[in-house]
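Reviewing the structure listed below.
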DNA sequence: CATGAATGAGCCTTCATTCAT
DNA sequence: AATGAATGAAGGCTCATTCAT
């Protein structure tokens, strides 16, 4: 009796696995026929496990989220320095979402899943909050925006992982590095002047001035002393 | 005579405009019916202007690319410092591609458009080459990868512009700033004082080695004693 | 005033002419667009002359029938021997229907045209009646059937004329010859037996016996003496 | 398992049967909707059996051709006298093509079917060759033309069979008789008695010259004193 | 009057889904 | 429980027809 249930769960997981792969490879346009065929079952059988297409997608969503949740829990983000936390969560996210990207994770989740996602996003947001609070992050842009930029970067990188333009390893490392440190080479030797340590926004020396139009007009407090 | 042609072109442009919006908002899955409806014309009329769906998508491509080309030409990227060049090309790209993102610009363009796109990408790549050659860009990752990361960031940001989570201005400024300067606050020259190891890790100066688990070489969580 | 009407009629005739050609060449599936294009006018103009597709087809039908009627009248079928009459009506029909064959003349005429057609068929039927009455035609099959066979042959031949497999001349001559004389070479020298002149059915000597299964079983009075 | 396949084949054959009827009756313009409706299945079901319209038509071709091939083989055309051979092949062709006439057999077959058709036409042509070689056929027209006339006659007759104007039996018998013997009553050897010029003109014996305006050479109304 | 533009209806095809075995 | 078969709905496209210039 229980055996069957167990077996059934395994089959279900298998189908889900195949579906994730197919979807990631060929996009959201794959049909139920495609998925069933890839999974080696009849279409009708597929419908036994997932009453309809949305259910399948939703299940994939759940799988992706639980996968990510597990990885993030394992990462113990709050027990390590902010840089390490970012590195870990980047890796975890890329690894977990790579297979599910067709779902548009972080992007166009089904209405019902929004709640789960927000709940899941918590640990990620926490890292940002901590980074902001600890002064580790620049203060010339709202932490919320910083997070958005981070997710933006992740999405793009994930899509490149899927298209085999980057490996998970590369993608994780590069994305972390870019996000944390920035692209501009640091100035050779900054004159040991003021205690600008706190308002590190303009850090890369010429940055706040050398990057004209980057934070144009009234963009939030670029390196202003009021932040702190 | 000419009037009609002009009018026709305007109508065509109008339809294209609507199509871009609808596609950007609802994804590539929108049907010709949807587009025609959104444009307020009958489906058959839509087909008068674009003989088939692909023709419509291709026209959108052309529009996006020519728009972007014009903006990049206007930007005179090679006549300004690298930072300004990045700022300008970021703004230009976001402004131009925002409406066409559903097409997956830089991603899955139709065969024929690939050529145009590559040709168009030239000025962008040129900026990266210049940045690398002039030593303005960090040297711990290949310029090619840097470009990929930049495009990744852009894509994500563009999608947020479309979903009205960011304005074009904000998106441009923030993306530029993040890409150029980085997210971590980095003191100009951290006096070898305190246990700043944790926070100052991502110092842009020695970034390539200071960011744990980030740099290509010794990729996963390197240098972080807490990882384990 | 009248000028215009005259001109209009000419244009109309021209269109009809082109339409006939196009229809004959490419079949009934040609669109109004095709016809308008071939005629060098706009589709809307075509509709000025013929309110709808059926009207055009019907007009073509009328043209074909009146053409045929004229030719048959000119042929004075009842003033010449039966053989000559057949020859003439064959030629007239092939010449007249060649251009209109797509209409399925004698085959799938529009309901309303049936009447006209039947009226037109009169002179043709008359020839058969005369041939039967005069004893010129074989008596082992009903004259009605003979007529059907004749029309069958004509249809096929006409289709070949249209496809340029036969010229009008060839087609007329061959069809007439075959229909009148038959395909089997006549026996060298028939024993000068009886006065079988009247019941000429078995004419080609061995025909009624040599053509086994041709008029099989109870097929109408094959050379039987009861016919007369 | 096998049951299903068998059943499926039967259903397929049934659909094909219905399709043949509908096509024969209403012409090639019938839509898939029409066919599905006539067959009593949903359009989508129709597509289960035939992936597209062309596939259906092609299947009909195959059916018609294989049917005809079988019949012709059974007829053993080369083992019987020419007259019997013609009688058999006429019957076989009419019986086999009657249901498929809308396909325009011998007329506008799809490219791939041309080959099959030509291969199939071989036995028919062989009969004509034999007839010509043996001197059984008249010599005043090329055997190729004779064949064309024969097919012309067949086509027309077949169309009448479809429209229920003739039964297969009647059509076969009459067509054979007409083709073989001719329509004109021809006295075995007209004693040079009376003014039989008019009636006996088409005498099969000297037919080639006797039929006015019929024979290729001196085509139009030749030898008829009344023509002018 | 001639014409370009607009449109409703219909066709071919595919897909997600249900049903009976 | 698994599956082949059946189907309604929708998508892309064309065509005959109407309208306003």
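Chains as they are written, first to last, in our numbering: chain A, 4 to 231; chain B, 4 to 231; chain C, 4 to 231; chain D, 4 to 231.
Backbone N, C-alpha and C fix where the C-beta goes; we use that ideal spot for every residue, glycine too.
Item                                                                                                                                         : Value
Residue 126 of chain C, buried or exposed, once every other Cβ within 10 Å from all chains shown has been counted against 16                 : buried
Cβ-Cβ separation, residue 99 of chain D to residue 91 of chain D (assumed contact under 8 Å), whole Å                                        : Actually they are not in contact, since the Cβ atoms of residue 91 of chain D and residue 99 of chain D sit about 12 Å apart, beyond 8 Å.
Integer Cβ distance of residue 2 of chain B from residue 152 of chain A, believed to fall under 8 Å                                          : No information on residue 2 of chain B is available, as it lies outside the stretch 4 to 231 that chain B covers here.
Any chain D beta carbon closer than 8 Å to residue 243 of chain C                                                                            : No statement about residue 243 of chain C is possible, as the shown extent of chain C runs from 4 to 231 and does not include it.
Residue 21 of chain A and residue 45 of chain A closer than 8 Å at C-beta                                                                    : no
Buried or exposed by the 16-neighbour rule on C-beta atoms within 10 Å, applied to residue 53 of chain A                                     : buried
CB contact check: residue 98 of chain C to chain D, cutoff 8 Å                                                                               : no
For residue 59 of chain B and residue 3 of chain B, the rounded distance between their alpha carbons                                         : Shown here, chain B extends from 4 to 231; a query on residue 3 of chain B therefore has no answer.
Continuous alpha helix (DSSP H) stretch holding residue 53 of chain B: start and end                                                         : Where residue 53 of chain B is concerned, there is no enclosing alpha helix (DSSP H), given that its DSSP letter is neither H nor E.
Interface residues of chain C facing residue 178 of chain D [CB-CB closer than 8 Å]                                                          : 152, 155
Closer than 8 Å to chain B by CB, residue 46 of chain A                                                                                      : no
Extent of the continuous alpha helix (DSSP H) to which residue 182 of chain B belongs                                                        : 171-184
Cβ-Cβ distance between residue 123 of chain A and residue 66 of chain A below 8 Å                                                            : no
Status (buried if at least 16 other CB within 10 Å, exposed otherwise) for residue 12 of chain A                                             : exposed
Cβ-Cβ distance between residue 177 of chain D and residue 148 of chain C below 8 Å                                                           : yes
Below-8 Å beta-carbon distance, residue 188 of chain D vs any chain C residue                                                                : A caution first: residue 188 of chain D carries a pLDDT of 43, below 50, which makes its placement in the model unreliable, though a value can still be read off. It does: the Cβ of residue 188 of chain D has a partner Cβ on chain C nearer than 8 Å.
Contact with chain B by residue 9 of chain A, beta-carbon distance below 8 Å                                                                 : no
Within-8 Å CB hit, residue 168 of chain A to chain B                                                                                         : yes
From D:85, D:55, D:95, residue whose alpha carbon lies closest to that of residue 72 of chain D                                              : D:95
Any C-beta of chain C under 8 Å from that of residue 163 of chain D                                                                          : yes
Beta-carbon neighbours of residue 28 of chain A, restricted to chain B and to distances below 8 Å                                            : Those do not exist, as residue 28 of chain A stays about 12 Å from chain B at its closest Cβ, beyond 8 Å.
Distance between residue 16 of chain A and residue 93 of chain A (C-alpha atoms, nearest Å)                                                  : 25 Å
Residue interval of the alpha helix (DSSP H) (run including residue 83 of chain A)                                                           : No alpha helix (DSSP H) holds residue 83 of chain A; DSSP gives it neither H nor E.
Contact under 8 Å by Cβ, residue 183 of chain B with residue 86 of chain B                                                                   : yes
Cβ neighbour criterion (16 or more within 10 Å) applied to residue 134 of chain A                                                            : buried
Residue-chain proximity (residue 14 of chain A, chain B), Cβ-Cβ < 8 Å                                                                        : no
Exposed unless 16 or more other CB atoms sit within 10 angstroms - verdict on residue 10 of chain D                                          : exposed
Neighbouring residues, chain D, relative to residue 148 of chain C (Cβ below 7 Å)                                                            : 177
When C:14, C:62, C:8, C:28 are compared against residue 162 of chain C, the one with the closest alpha-carbon                                : C:28
C-alpha gap between residue 7 of chain C and residue 51 of chain C, whole angstroms                                                          : 14 Å
Chain-order list of residues whose beta-carbon lies under 6 Å from that of residue 146 of chain B (same chain, five-residue window excluded) : 131, 135
Selected residue, minimal CA-CA separation from residue 119 of chain D, among D:69, D:33, D:174, D:56                                        : D:69
Close-in-space but distant-in-sequence residues of the same chain around residue 150 of chain A (CB under 8 Å, 5 per side omitted)           : 127, 128, 131
Cutoff 8 Å: residue 181 of chain A Cβ touching any chain B Cβ                                                                                : yes
Length of the line joining the Cα atoms of residue 167 of chain A and residue 80 of chain B                                                  : 31 Å
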